Amino acid sequence: MSSEKIGSVKSGKTNKSFDVKWDQSSKDVYVSWAGWTNVGKASSAREAMNKAEAYLYNK
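Okay, structure coming up:
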């Protein structure tokens, strides 16, 4: 996994902050929720942040 941290997002319920990593070559997005959880693929860092935010919305 050659992903790099691109930022952090807050969960919707607990307001805790979680780190976001994105692997530019494989397009995988990871969130530091219960370890590093794969939350899908994104074609850009901006899309990766949006996916991470959506994943954490109800967490």
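Per this note's numbering, residue 1498 is the first one in the sequence shown, and the count goes up by one each step. Where a beta carbon is used, it is the ideal one built from N, C-alpha and C, also for glycine. Values in this document were obtained by computation on a predicted structure and should not be read as measured data.
Cβ pair residue i, residue j closer than 8 Å
| i | j | result |
| --- | --- | --- |
| A1551 | V1526 | no |
| S1514 | S1505 | yes |
| K1507 | D1516 | no |
Length of the line joining the Cα atoms of residue i and residue j
| i | j | result |
| --- | --- | --- |
| Q1521 | S1541 | 8 Å |
| K1510 | S1523 | 30 Å |
| N1555 | A1549 | 11 Å |
| K1538 | N1547 | 11 Å |
| A1528 | W1519 | According to the sequence displayed, residue 1528 carries Val and not Ala. So the alpha carbons of these two residues sit roughly 9 Å apart. |
| V1536 | N1512 | 19 Å |
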